[in-house]
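Residue numbers (numbering that gives the first Met the number 0), protein chains in the order written: chain F, 0 to 289; chain W, 0 to 289; chain B, 0 to 289; chain D, 0 to 289; chain S, 0 to 289; chain E, 0 to 289. Backbone N, C-alpha and C fix where the C-beta goes; we use that ideal spot for every residue, glycine too. All remarks here apply to the structure that follows.
Protein chains: 6
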Amino acid sequence: MKQNSQRIAPLHPVLYEEIVNRALLEDLGRTGDITTDAIVCAGDRAAAKIIARGPGRIAGTDVARSAFLRLDSGILFDVVTRDGQDVEAGETIAVVRGGAGPILSGERTALNFLSHLCGIATATRAIVEIVAPYPARVVCTRKTTPGLRVLEKYAVRAGGGFNHRFGLDDAVLIKDNHIIVAGSVSEAVRRVRRSAGHMVKVEVEVDSLEQLESALRENIDAVLLDNMGPEVLSEAVRRVNGRVLTEASGGVTPQTARAAAASGVDILSLGWLTHSAPALDLSLDITIGE
Amino acid sequence: MKQNSQRIAPLHPVLYEEIVNRALLEDLGRTGDITTDAIVCAGDRAAAKIIARGPGRIAGTDVARSAFLRLDSGILFDVVTRDGQDVEAGETIAVVRGGAGPILSGERTALNFLSHLCGIATATRAIVEIVAPYPARVVCTRKTTPGLRVLEKYAVRAGGGFNHRFGLDDAVLIKDNHIIVAGSVSEAVRRVRRSAGHMVKVEVEVDSLEQLESALRENIDAVLLDNMGPEVLSEAVRRVNGRVLTEASGGVTPQTARAAAASGVDILSLGWLTHSAPALDLSLDITIGE
Amino acid sequence: MKQNSQRIAPLHPVLYEEIVNRALLEDLGRTGDITTDAIVCAGDRAAAKIIARGPGRIAGTDVARSAFLRLDSGILFDVVTRDGQDVEAGETIAVVRGGAGPILSGERTALNFLSHLCGIATATRAIVEIVAPYPARVVCTRKTTPGLRVLEKYAVRAGGGFNHRFGLDDAVLIKDNHIIVAGSVSEAVRRVRRSAGHMVKVEVEVDSLEQLESALRENIDAVLLDNMGPEVLSEAVRRVNGRVLTEASGGVTPQTARAAAASGVDILSLGWLTHSAPALDLSLDITIGE
Amino acid sequence: MKQNSQRIAPLHPVLYEEIVNRALLEDLGRTGDITTDAIVCAGDRAAAKIIARGPGRIAGTDVARSAFLRLDSGILFDVVTRDGQDVEAGETIAVVRGGAGPILSGERTALNFLSHLCGIATATRAIVEIVAPYPARVVCTRKTTPGLRVLEKYAVRAGGGFNHRFGLDDAVLIKDNHIIVAGSVSEAVRRVRRSAGHMVKVEVEVDSLEQLESALRENIDAVLLDNMGPEVLSEAVRRVNGRVLTEASGGVTPQTARAAAASGVDILSLGWLTHSAPALDLSLDITIGE
Amino acid sequence: MKQNSQRIAPLHPVLYEEIVNRALLEDLGRTGDITTDAIVCAGDRAAAKIIARGPGRIAGTDVARSAFLRLDSGILFDVVTRDGQDVEAGETIAVVRGGAGPILSGERTALNFLSHLCGIATATRAIVEIVAPYPARVVCTRKTTPGLRVLEKYAVRAGGGFNHRFGLDDAVLIKDNHIIVAGSVSEAVRRVRRSAGHMVKVEVEVDSLEQLESALRENIDAVLLDNMGPEVLSEAVRRVNGRVLTEASGGVTPQTARAAAASGVDILSLGWLTHSAPALDLSLDITIGE
Amino acid sequence: MKQNSQRIAPLHPVLYEEIVNRALLEDLGRTGDITTDAIVCAGDRAAAKIIARGPGRIAGTDVARSAFLRLDSGILFDVVTRDGQDVEAGETIAVVRGGAGPILSGERTALNFLSHLCGIATATRAIVEIVAPYPARVVCTRKTTPGLRVLEKYAVRAGGGFNHRFGLDDAVLIKDNHIIVAGSVSEAVRRVRRSAGHMVKVEVEVDSLEQLESALRENIDAVLLDNMGPEVLSEAVRRVNGRVLTEASGGVTPQTARAAAASGVDILSLGWLTHSAPALDLSLDITIGE
């Protein structure tokens, strides 16, 4: 079911402007940038390049722009490498021009967003490349950094990945604990189908081939094959035989992704993409006088 | 100047309750946990253990508790391993008891906070141990995840580290770009001292021994020795000779920390602690019926 | 696909407490209830019954309670007729006891929520009864009152209905305008499938049998049969023949619902439930002295 | 006391921009309009007409514009039929031009506001016409939809009506329950006059001619004649004889309004205008390519 | 029209809790009270007295309590001198008991509210006493400290004063600039009466006896006699002769209040009460151990 | 250590825009300026001068501008006397041009900010002039008006003063109560140094020469000499002999400032500047027709 997601639809700024505002306020505190305010004069202007110090996939340029523009709407922020594109070490991601004060004061907030999101996009791209020979889509989970889910899910898309649920309300995922409460997969699915809307898909988590067989007897859309080794995964995919979507999840890392994908699963989901991907190292190199 | 920070003063909840609230809302969306709401009955109760799947230093138990209590004030959350303590793989961090519904619905938000903060504390502890033979304090930077600075700075303290500035307003750090704007270190310090309050410390970033000599001629409290190799660092520390605090910064990683600390610097600062530390792997193992 | 939704899972209060708070503030203004504050003494206590002045289906008792408790956490709010149950004119929905001041000051806000939500639940129930002989589920749309979607969707469930999408992000609905932009149904579906997550369902709006045939050639989950008369609807259902879900939408009212449902569609969606259902008339009859 | 309110002063946007923002966010959710984002390309432009599907009085065009502009400040929103004017079925209310993406994504939010407010204005106009032969002003109450009071009160003005209190704090209305607490009308008025500011008017609710006589002996500005039939109303107006303002309230509907107004009361207040007026049916007909 | 306002109805906490929360956050910053957190141990308890260092009228004890309780709901805050009562220098206003940490961390925020509001109440009481022989009510204006209007208006009531308008929306005050725009008092009143609700009073500002005569020919409720000396004021009151309320405003200070009141005006309004009253000096004397 | 702070760096608007927004909303209430909306026509334009009615130091012109622009982005606000400059009575501070409606509606909010902040700047300037012969800096405290700290601290700088701590988190101030809890100055400092970051300064409050001697034996940066008379202050300064910064605090007023400064202290801190400085009297004189 894989398709390459070259086109990255931008996020509506209304979805992240408040996040950017809060980030700026946690840096500016109660009086602003006391170093820059003391040193930079009102008329001082500057130009700066945001440069990648390592190779990576870009995500978050609009968010970074938004941070600068919130401080000074006159700043020009020209994107050189767009979201979804790749950079090598030393390449320029964006050029910033305008008042030296707001550029210096907004630098850290802008780079904190950009390096975090590029880090996720870069990690996603790496997994996508690893599993390229196989049909599996690379998908993120709800293991996101609190407060940044909308941005991190976007960064995964910029990295060539896809998104699983956005929250607890947009799809049903019946986990082991739900099955215990309900008493059986069958009863859990029955309860869910009784109330779920017709546009909601239902997935069931199974951790053995026996559970898989139980799940396949129900009216479901997907199975999450939890923490299975490559052989069991392959057998599970074989048994499903295309009747529902198959998702391999649990402990998938860059090291194990290829073997998991080789099983033929439709979906490979990794919490690692959003909770542990290292930031992409970036620098903002400023030129005074523009 | 190092002292061991065994006692971790808890954060006032007023500092993070809104952060927790937003995190819950981004998971509950517009109607809540449709899986759990469909399956769990009002009276169902549960107990659960939050267990570390790997070794680490704990931070964020109060935040995790706050997530559960925001959903149901009747939940009991007993901490087994407190913030600032260490766990081995398989050890229990906390026990949660109460309604099965809110425990299942709050699980991901609580764990997202806890695994992120434990990850930072664990990374900090690792660096602290690496540099234990030397006097250097391990310190974090402003390279934090947007929206979570107050929590991440706390996690660094729980890991045995210390905090640098909390933002742009509580201390002065004159960086290379400021020096370029001002024309010289001397002029930059002069401008800053003219406006800074008497409770504000002033640090200057230098990237060569020549710049260091210029900086030492000014009325400053600390020098940030930027991106210097171990030998240059040692020479810098020798030249400073205790007149001001010395901070090694820039590209310090677990691999290079020991050599940097061996230079005798007072402060070793790492953005890596807060922007790239991997999450600690945690699980919530639930027992229905309590 | 219809099932009776007797069990109404309560909403997490975190989803509506801020809505209640804003509603109270818009009534209390800048100094509070100047009438009650002047007349009622601190110790005055009262009991009150919330009574239906007409027959209806109840929804929103938790929200009404929340309004009173936000003013005074000592108020007792006992629900007599629970959400999802029916009342006749004159029957009691809830009993409120506590300080006379907060009961009088909170009355209007509590009743505004309750009468609005009961109105929607009552209207939904009426349609559900009308179409009871047929398989169709009664479903609401995104034509909700701004700011109250989470509550109104809940009221529809309390009325025995089901929910369509909660917003623009949790399912795909390709409308006529999207098809025009894309050039064809086929191209629109192709674009959507390229980026949509695997847990997202895809529905296509069609307004003729020709469009329906086009849509059925694509990989979709449902078709929205827009503004079709009963005969065309029946023919459409016949042609679909169970391959995808069928939804009748557009101008469905209490008058036309039965005929539309008789076509055999799976889903009958009505904006009317949430944008035009009249409020249920309620009164709060107070007894001073308790 | 009736005067025709032809001139509708616009609301300051600061009074509703946050309401609009919340409405957009409840529709865009956590990632935006996944259908439109997948189908529409960045450069696609569109023009659209907002058309009334039935006759009505317009209110809320500025709010609708604000919804589109919040998504894309480059959108042009030209009002054809201004607030306070009337349309027939099929007439155009406004023309929208700009990016196809934001027009499609903002359509539902904009129309939800507009159809709701036009519905209230239309209902108000209908009552105003019914009572045109009589002196009574048509007035709304505090029975408004939670969170939308400022907008709904405005819509009533656009419909030719007037506003009663905006909340509990801007005027005194002594109701039956207050009189019970105070012990008598006299004591209730005494308590209120002791604390109320000099710019605050005082109205007393009475439900019999006896109570009316009691109220008229006090220093009050208006009487609310609660749930009285036409004959009693007429007698009440006769007895008041212009000494204070008279307001008929309670169960006034389009059916009973004329008879109530014929009593000669100054004010006819209807909760129905804001809690049960059906929305005006609107459509946004889009033309791709502009 | 004066009556003594001995009974001070408390404000609903929902009106100020968010104000208190913001005030605490502006003091706690991004990590809290680093002094107290470092020194005070978790189990340390304390008792403290809030003592007046000078004589004054009390207002704001509930707000001060709210500040402590927001930090620690276990704190006991016993009011000794209630709002609306007077203290001499050295007298105790309240006793606080609980954790030493939150008491020390909340002290400044609580006292900032309390000293500010007591300052306003004290200033109001002083004016009330000065004008005691005359019928005039002492009234505050809209010249309040931004963000604190609800609290400052309350403090004026606690001082024995009354409130003018709460904002621009709850009463009409036609000022000189409005008259200029309208062309005449008559036209200004006509325009206002055409749109104002029936519960809204209308006051006209006049600055000469000629303007007064014009105003008295219109349908108004009060006249604001702006910046008139005692003799002109007296003449104005004589000419009004009880037909409308008379308000002396503009430059009234403790020095000029008596002479102004002697004119016989109904209302004496002073911006000074809320924009320039000095804070009441308070101290929090702590006893550790208790 | 005094230096004249001629250059007043402007505050980033992001630090106060939300404060301005709230202030406008507390004045506009739920429907806006009913007087102006009724009288002023859409096309009416005006020009106005903001004039000082007494001599003073200006602060807050950007905040005042922000209030007008929030109502109407087309308003022109030209500053004649900039922040940090002085005016005589009758001089113009700023000229406002644009729609008559927003100018009249925004006047009070803009002036409330400006007169409050100018009042603080003026009071600060007065103290600065009084102590001009001496080296002491004039410094404000945390005794600020809740919600306005960022603005009031700025106004102090505009008056030629400096800022002490911005909150409880950016510097350590060990007060008498902390010393009691810790048992001794020595222990208190030890506890603080164990956890405080390296960029945090430590000050100790002493109220006797004996306590001073104890404090000077510790590793601290400043001593706060609390409530000492001029002679004791002088002796304290003599004993400190430049080893740490000396701050005189407690009960310093315009009357006592000179004598305190004559002691030679480095810092003179006054809560009075921010909690009791009277507002500067301002007027907005409007000219219709521009």
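With 16 or more neighbouring CB atoms inside 10 Å of its own CB, Leu281 (chain E) falls in the buried class. Under the criterion of beta carbons closer than 8 Å, Cys139 (chain D) and Leu269 (chain D) qualify as touching, at roughly 7 Å.
From the beta-carbon of Gly270 (chain D), no residue of chain E is found nearer than 9 Å; the closest lies around 17 Å away.
Within the DSSP secondary-structure output, Asp284 (chain F) pairs in a beta bridge with F:Lys48. DSSP places Ser268 (chain W) within a strand segment (E or B) once states are collapsed to three. Contact note: Gly196 (chain W) does not reach chain S at a C-beta cutoff of 8 Å; the least C-beta distance is about 14 Å. Per DSSP, Phe67 (chain B) is one residue of the alpha helix (DSSP H) stretching across Thr60 to Leu70.
In the structure shown, Arg193 (chain W) falls within a helical segment according to DSSP collapsed to helix, strand and coil.
Under the DSSP assignment, Arg216 (chain F) falls outside any beta strand (DSSP E); it carries neither an H nor an E label. Within the same chain, Cβ atoms closer than 7 Å to the Cβ of Arg190 (chain W) are found at Ala181, the five residues on either side in sequence being excluded.
Here Arg107 (chain S) has Asp26 as same chain residues with Cβ atoms under 7 Å from its own Cβ, once five neighbours each way along the sequence are excluded. For Leu116 (chain E), the enclosing alpha helix (DSSP H) begins and ends at Ala99 to Ile129. Contact annotation for Ala170 (chain D) against chain S: Met198 [CB-CB distance below 7 Å, chain order]. The alpha carbon of Thr35 (chain S) has as its nearest neighbour, out of E:Leu267, E:Val188, E:Ala235 and E:His11, the alpha carbon of E:Val188. Around Asp36 (chain W), the beta-carbon contacts reaching into chain B at under 7 Å are Ala8. Contact between the segment 196-211 of chain F and the segment 155-174 of chain F is present, with at least three C-beta pairs closer than 8 Å. Around the Cβ of Thr245 (chain W), a 10 Å sphere holds 16 or more other Cβ atoms; the residue is buried. Close to Asp265 (chain F), with beta-carbon spacing below 8 Å, are these residues of chain B in chain order: His197.
Between Val39 (chain B) and Gly100 (chain B), the C-beta spacing is below 9 Å. With respect to the 9 Å criterion, Ile57 (chain D) and Asp77 (chain D) are not classified as neighbours on the basis of their beta carbons. DSSP places Thr245 (chain D) inside the beta strand (DSSP E), whose first and last residues are Leu244 to Ser248. When the beta-carbon positions are compared, Ala8 (chain B) and Ala125 (chain W) stay at least 9 Å from each other. In this structure the segment 116-131 of chain S lies against the segment 43-57 of chain S, because at least three pairs of beta carbons, one per stretch, are closer than 8 Å. Taking a C-beta distance under 9 Å as the contact criterion, Val243 (chain F) and Ala221 (chain F) qualify as a contact pair. For Gly158 (chain E), same chain residues with a beta-carbon under 6 Å away, outside a window of 5 residues either side, are Arg56, Ala120, Thr123 and Arg124 in chain order. Under a criterion of Cβ atoms nearer than 7 Å, the residues of chain D adjacent to Leu23 (chain E) are, in order, Val13.
The beta carbon of Ala259 (chain E) does not come within 9 Å of any beta carbon belonging to chain W, so the residue lies off that interface.
Chain order gives the chain S residues near Asn20 (chain B) as Val13, where near means a beta carbon separation below 8 Å. Take the alpha-carbon of Leu167 (chain W) and the one of Glu234 (chain W): they are about 30 Å apart. About 7 Å separates the beta carbon of Leu208 (chain S) from that of Arg238 (chain S), a gap short enough to meet the 8 Å contact definition. Note on Gln254 (chain D): under 16 other CB atoms within 10 angstroms of its CB, so exposed under the neighbour-count rule. Collapsing the DSSP output to three states places Glu87 (chain B) in coil.
If you check the CB distance, His274 (chain W) and His274 (chain F) do not come in under 9 Å. Here the C-alpha atom of Ala278 (chain S) lies approximately 18 Å from the C-alpha atom of Ala66 (chain S). Between Ser104 (chain F) and Lys152 (chain E), the alpha-carbon positions lie close to 20 Å from each other. Taking 9 Å as the cut-off, the beta carbon of Arg64 (chain F) is found no closer than this to the beta carbon of Arg96 (chain F).
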